[in-house]
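A.B. asks:
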Amino acid sequence: MKLAYWMYSGPAHIGTLRIASSFKNVHAIMHAPLGDDYFNVMKSMLEREREFTPVTASVVDRHVLARGSQEKVINNITRKDKEEQPDLIILTPTCTSSILQEDLQNFVNRASLEAQADVLLADVNHYRVNELQASDRTLEQIVSFYIAKAKKYNNLDLAKTFKPSVNIIGSYCLGFHNTHDIAELKKLFNDLGIEINLVIPEGVSVNELKKLPKAWFNVAPYRETGLMTAKYLEQEFDIPYIDISPIGVLQVAKFIRRIENILNDQGLNISFDEYINLQTKFVSQSAWFSKSIDCQNLTGKKAVVFGDATHAAAITRILSCEMGIHVAWAGTYCKYDEEWFKSEVEGCCDNVIVTEDHGVIGDLIAKTEPAAIFGTQMERHIGKRLNIPCGVISSPVHIQNFPLSYKPFMGYEGTNQISDLVYNSFTLGMEDHLIELFGGHDTTEALTSSLSADTQIVWQKDAQNELSKIPGFVRGKIKRNTEKFANDRKIKEITLEVMYAAKETVGA
Amino acid sequence: MSDNLDLQKDSINFECETGNYHTFCPISCVAWLYQKIEDSFFLVIGTKTCGYFLQNAMGVMIFSEPRYAMAELEEGDISAKLNDYEELKRLCLKIRKDRNPSVIFWIGTCTTEIIKMDLEGIAPKLEAEIGVPIVVARANGLDYAFTQGEDTVLAAMAQKCPTLENKNIRTKSEGEDHPPLILFGSVPDSVANQLISELGKQGIKVSGWLPSKRYTELPSINEDCYVCGVNPYLSRTATTLMRRRRTKLIGAPFPIGPDGTRAWIEKICSVFNVEPKGLKERELKIWENLEDYLEIVVNKSVFFMGDNLLEVSLARFLTRCGMIVKEIGIPYMDKRYQGAELKLLQQTCQDMGIPLPSIVEKPDNYKQLERIREYKPDLVITGMAHANPLEARGINTKWSVEFTFAQIHGFTNSRDILELVTRPLRRNNSLQQLAWNSYTNIKI
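If you read the sequences in order, they're chains A and B. First residue of the first sequence: 1, per the UniProt record's numbering; consecutive thereafter. First residue of the second sequence: 1, per the UniProt record's numbering; consecutive thereafter.
(1) Taking the alpha-carbon positions, what's the A/SER286 to B/LEU420 distance?
(2) Looking at B/THR47 and B/THR111, is the spacing between their C-beta atoms short of 8 Å?
(3) Which whole-angstrom value describes the C-beta separation of B/LEU43 and B/ALA69, a residue pair presumed to lie in contact below a C-beta threshold of 8 Å?
(4) Just to confirm the assignment: which complete beta strand (DSSP E) runs, minimum length 3, are found wholly within the stretch 83-169 of chain A?
(5) Can you confirm whether A/VAL60, when its beta carbon is compared against all beta carbons of chain B, has any partner nearer than 8 Å?
(6) Should B/LEU431 be labelled buried (16 or more other beta-carbon atoms within 10 Å of its own) or exposed?
(7) What are the residues that DSSP puts in a beta bridge with B/VAL135?
(8) CB-CB under 6 Å to A/GLU504, same chain, minus the five flanking residues each way: which ones, in chain order?
(9) Taking DSSP's pairing of strands, which residues face A/HIS326 in a bridge?
(10) Once you ignore the five residues that flank A/LEU104 on each side, which residues in its own chain have a CB closer than 8 Å to its CB?
(11) Is the stretch 339-354 of chain B in contact with the stretch 311-318 of chain B, if contact means three or more CB pairs nearer than 8 Å?
(12) Looking at C-beta atoms only, is the number of pairs between the stretch 407-422 of chain B and the stretch 252-264 of chain B that lie closer than 8 Å three or more?
(13) Which whole-angstrom value describes the C-beta separation of A/ILE270 and A/ALA253, a residue pair presumed to lie in contact below a C-beta threshold of 8 Å?
(14) Using the Cα positions of A/GLU102 and A/MET228, report the straight-line distance between them to the nearest angstrom.
(15) Please name the residue in B/GLY200, B/THR109 and B/GLU291 whose C-alpha comes closest to that of B/GLY278.
(16) Mind checking who B/SER301 pairs with in its DSSP beta bridge?
(17) Give the residues of chain B in contact with A/THR53, contact being defined as C-beta atoms less than 7 Å apart.
(18) In chain A, which residues lie with their C-beta within 9 Å of the C-beta of B/SER102?
(19) Is the separation between the beta-carbon of A/THR56 and that of A/ILE14 shorter than 8 Å?
(20) Is A/VAL60 buried or exposed, if buried means 16 or more other CB atoms sit within 10 Å of its CB?
(21) Report the rounded CA-to-CA distance for A/GLY383 versus B/LEU241, giving the unit in angstroms.
(22) Could you name each continuous beta strand (DSSP E) segment of 3 residues or more that falls completely within the stretch 214-254 of chain A, going from the start of the chain to the end?
(23) Determine, using beta carbons only, whether A/LEU146 comes closer than 8 Å to chain B.
(24) Just mark B/GLU150 as buried or exposed, buried being the case when its beta carbon has 16 or more other beta carbons within 10 Å.
(25) In the DSSP assignment, what are the bridge partners of B/ALA69?
(26) In the DSSP assignment, find the unbroken beta strand (DSSP E) run with B/MET333 in it and report its ends.
(27) Note down the Cα distance separating A/THR299 from A/GLY472, rounded to an integer number of angstroms.
(28) Below 8 Å, how does it come out for the stretch 264-275 of chain B and the stretch 198-212 of chain B: are there three or more Cβ pairs, yes or no?
(29) Using only CA atoms, which one of A/LEU88, A/GLY307, A/ALA215 and A/GLU51 lies nearest to A/THR161?
(30) Any Cβ of chain A within less than 8 Å of the Cβ of B/ASP189?
(31) If I follow the unbroken alpha helix (DSSP H) through A/HIS180, where does it start and stop?
(32) Rounded to the nearest angstrom, how far is the Cβ of A/VAL458 from that of A/LYS407, given a contact under 8 Å?
(33) Could you name the residues of the same chain whose beta carbon sits closer than 8 Å to that of A/SER165, not counting the 5 residues immediately before and after it, in chain order?
(34) For chain A, check one thing: does any of its Cβ atoms lie closer than 8 Å to the Cβ of B/ARG99?
(35) Take A/ILE239 as the anchor and find which of A/GLU224, A/VAL249, A/ILE262 and A/GLN251 has the nearest alpha-carbon.
(36) Between the alpha carbons of B/ALA123 and B/LEU164, how many angstroms are there, rounded?
Next up, the structure:
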């Protein structure tokens with residue numbers, strides 16, 4: 001048993017559901033107790049999703065516990081098959097169902113005889129992998145299933161596209177700034193004259209997956225999700241892949257040079273040097289920003305970085321190599337990817353931290369006292385408590401990290417966004433510091449005292465107590481409304497009764 | 001249960017569907033109970049799935065050093081390689097050291113049910129060993145929905161309430177002319193004070209409340225006590241108080257809405273032979289103050305998809321407000337515990353001259369969406385999983401969970417209920433000049 005207050009990555013089935021519900025017309029059925037379909041709320045809220053999330057539960061209740069699921073799972077699969085007519089139904093085990101040890105594969109086999117849709121059992125172990133690993137595996141599982149199917153029916157399309165083309169692997173729901181990143185990548189490939197063969201899994205029908213081998217190469221821009229699929233496609237069809245995350249000026253350049261190499265290996269003779277040069281100097285403002293005197297002021301400032309492997313490594317490199325900021329330590333919660341992370345940030349920070357315990361990170365931040373933090377929502381809250389500004393650079397995130405406006409982290413526009421984020425975090429810290437130096441804002445006190453000075457209303461102790469229990473952000477309003485209510489009725493003393501009466505009458 | 005009304009004849013139509021519906025896991029009750037019981041610590045013994053749900057559902061609360069945590073089960077726990085007793089002891093000692101609570105609640109989950117972890121057996125031994133009371137509640141998704149989590153916790157607490165050594169001391173002391181009354185159901189302190197003051201106006205004293213502000217202040221409960229619930233989802237607690245603590249249950253409608261509050265007080269008064277004073281006027285006055293909201297809701301139709309068991313009381317209040325209730329979905333319907341509330345619903349429908357709605361227990365969300373397409377209600381009260389997709393199809397929704405977190409009890413808070421109910425209607429009034437009402441390609 002482990003005492004845990006907070007988790008950086010979710011349980012395995014969340015990863016599976018994120019992949020399944022990213023595809024078009026794929027339905028996931030969770031073998032889970034009532035209340036485990038919380039994924040639907042997240043998708044509907046965080047992504048402000050307009051469609052019903054294609055995830056339902058085959059509910060595990062007391063009866064299932066006593067007698068087993070029997071026909072229930074099969075009936076739920078065939079029912080969804082009729083109702084929604086999906087191309088694929090994925091039966092998703094949860095931590096609860098995995099300890100029941102029912103033969104879910106058997107249910108899947110039986111249901112697929114009856115259902116029009118293909119039926120798969122997600123191959124993930126709840127007690128061994130987390131959300132991110134599960135998403136990687138599920139994507140590979142679906143892709144390999146449909147490649148195998150196409151092979152079987154002999155309609156696999158192996159001919160390469162006429163013009164150079166690419167598959168982007170790793171566009172999926174609930175990813176950190178994912179839709180913006182993918183849009184930015186598409187733009188980048190368009191600039192380079194490379195066609196997009198397929199972007200998976202978001203918005204793609206599983207029937208299109210057989211087109212995957214037509215691409216000249218694959219990119220898996222996120223370390224966490226997509227790499228397994230890229231490796232599988234390399235193994236199966238000898239398609240080269242790029243696993244560089246194009247985040248930051250240097251990495252974008254490296255990413256493009258790798259593309260150049262791959263294309264030249266396949267018989268082209270092209271150079272993207274001029275493109276990189278132009279973009280770096282004139283489209284991205286980031287390189288110029290590093291040179292400007294603003295950024296000069298950031299030199300040697302202390303920062304710490306924590307997040308998933310992809311983002312924490314990328315941001316560490318940007319801070320250290322592109323902006324001259326001193327990264328005291330960089331860390332990730334992707335424990336399973338520890339070695340890769342360490343090798344990526346080598347030379348860019350004093351120390352490397354790999355942990356899933358937010359308490360450890362909190363203590364470490366307090367001890368380090370950086371000028372700014374770059375982390376997840378958890379680090380933002382740690383920063384709030386310690387009065388250190390924080391830029392959010394990685395999941396887990398809140399709804400405000402699903403911005404409506406265009407905010408990629410990848411590509412050349414991404415470099416601009418990141419520069420703004422970094423710069424704003426530090427200047428805010430500076431401002432705070434200066435305010436403190438010059439005695440702070442003292443206007444608040446003066447304003448409140450002058451406002452309450454013209455009322456001669458006395459608050460009885462009970463009422464005062466009650467008022468103090470009301471959350472700070474509405475307390476002032478309730479106080480004013482109650483006093484106005486009392487004033488209007490020539491009441492001189494506010495008791496509990498007066499407070500309640502005010503609420504009943506004017507909603508104070 | 002004095003109100004055993006005859007619900008069979010001509011009355012409300014009860015249905016039961018497949019139970020394929022969306023609701024919160026009952027462990028969510030820790031979110032409001034840890035705040036209510038100030039000296040408590042809640043330990044949820046479950047898996048990453050439980051933790052993930054809590055951390056996402058509780059939003060910002062998680063960051064404010066909450067007095068709850070997960071005892072996250074690992075593979076060794078599942079396969080019984082590790083000893084449950086030793087593991088729990090290790091965690092509880094750490095909690096005692098870091099937080100020093102007066103009580104530790106163990107919240108059993110689906111996983112502890114399936115692996116048959118004997119929490120009830122371990123607790124008394126460990127309690128004696130570490131010197132902190134341990135209360136065990138099985139708030140799992142195999143058996144319960146959302147707010148029923150509170151029911152399991154209060155039922156467990158009811159057994160921990162002290163008894164008075166000499167019950168004669170208690171009965172009719174301090175000039176009371178009625179036997180002691182204990183109220184049960186977790187409400188914020190200010191709401192509790194409001195309800196106590198309403199009863200006080202009738203000369204009725206509330207001797208105790210389950211739960212109290214602190215675990216150390218749990219009320220004493222004796223055989224001569226009367227008990228009355230303030231929330232509709234507390235049937236296990238009611239049963240425990242009657243059967244295990246031998247108290248007498250006052251079966252009343254719940255004090256939600258001015259009509260419900262008045263009926264609740266009247267019922268308590270009638271049991272104690274007290275003639276209610278000025279209640280009618282008080283209710284009328286509240287209704288007058290609601291006039292601006294009533295104008296918005298009157299004749300509008302509402303559909304409850306059902307996820308928190310407050311549905312019958314809210315539907316009854318909204319019917320009295322002039323709304324037309326199309327369907328009352330509800331996770332679980334205890335016709336005995338909610339008997340008086342059902343009777344009041346029936347009465348209200350007759351008074352308002354509208355047909356009795358169907359009550360759909362264990363609803364099937366998919367079928368409900370088909371009915372919503374057919375009825376096109378003016379308002380759907382539903383969980384967040386369906387809210388945005390329905391809004392995109394031009395259907396107004398109110399997120400149901402807000403009713404469990406808002407202050408909705410008593411005369412004083414009637415405005416708050418209507419504030420919630422009318423919010424989507426008011427918002428859409430102000431958006432009406434924008435012609436975009438459908439945000440999806442599929443017509444509903």
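Glycine included, each C-beta is placed from N, C-alpha and C at the ideal position. As the structure is a prediction and not an experimental result, all values here were calculated from the model.
C.D. replies: The structure says:
(1) A/SER286 and B/LEU420 have their alpha carbons spaced roughly 47 Å apart.
(2) With contacts defined by Cβ atoms closer than 8 Å, B/THR111 and B/THR47 form a contacting pair.
(3) About 6 Å separates the two Cβ atoms, so the contact holds.
(4) Every beta strand (DSSP E) stretch that sits fully inside the stretch 83-169 of chain A and reaches 3 residues is listed by chain position as 88-93 and 118-121.
(5) It does: the Cβ of A/VAL60 has a partner Cβ on chain B nearer than 8 Å.
(6) It counts as exposed.
(7) Partner(s): B/PHE105.
(8) Around A/GLU504: no qualifying Cβ.
(9) In the DSSP assignment, the residues bridged to A/HIS326 are A/LYS302.
(10) Shown here for A/LEU104: same chain residues with a beta carbon closer than 8 Å to its own, the five before and five after excluded, namely HIS31, VAL73, LEU91, PRO93, SER97 and LEU121 in chain order.
(11) Result yes; three or more Cβ-Cβ pairs closer than 8 Å.
(12) In short, these stretches touch, since the Cβ pair count reaches three.
(13) Not quite, the Cβ-Cβ distance comes to about 15 Å (not below 8 Å), so this is no contact.
(14) Counting only the Cα atoms, A/MET228 lies some 28 Å from A/GLU102.
(15) Checking every option, the nearest Cα to that of B/GLY278 belongs to B/GLY200.
(16) DSSP lists B/ILE324 as the beta-bridge partner residues of B/SER301.
(17) The contact set of A/THR53 on chain B, defined by CB atoms closer than 7 Å, consists of ALA385 in chain order.
(18) Simply none; closest approach about 19 Å.
(19) Not in contact: A/THR56 and A/ILE14 (Cβ atoms no closer than 8 Å).
(20) Classification for A/VAL60: buried.
(21) The C-alpha of B/LEU241 is placed about 47 Å away from the C-alpha of A/GLY383.
(22) Entirely contained in the stretch 214-254 of chain A, the beta strand (DSSP E) runs reaching 3 residues are, in chain order, 217-219.
(23) It should be noted that the sequence gives Tyr, not Leu, for residue 146 of chain A. Not flagged as an interface residue toward chain B: A/TYR146, since no C-beta distance is shorter than 8 Å.
(24) The residue is buried, with at least 16 neighbouring Cβ atoms inside 10 Å.
(25) Residue pairing by DSSP places B/ALA69 opposite B/LEU43 in a beta bridge.
(26) First-last for B/MET333: undefined, no H or E at that position.
(27) Approximately 39 Å, taken between the alpha carbons.
(28) Yes, the stretch 264-275 of chain B touches the stretch 198-212 of chain B.
(29) Minimum Cα distance to A/THR161 is reached at A/ALA215.
(30) At least one beta carbon of chain A lies nearer than 8 Å to the beta carbon of B/ASP189.
(31) Counting along the chain, A/HIS180 sits inside the alpha helix (DSSP H) bounded by residues 178-191.
(32) With a Cβ gap of about 52 Å, A/VAL458 and A/LYS407 do not count as contacting.
(33) Same-chain partners within the cutoff: ILE194, GLU195, ILE196, ASN197, LYS214, ALA215 and TRP216.
(34) With 8 Å as the cut-off, B/ARG99 does not count as an interface residue toward chain A.
(35) The candidate whose alpha carbon is nearest that of A/ILE239 is A/ILE262.
(36) Taken atom to atom, the span from the alpha-carbon of B/ALA123 to that of B/LEU164 is near 24 Å.
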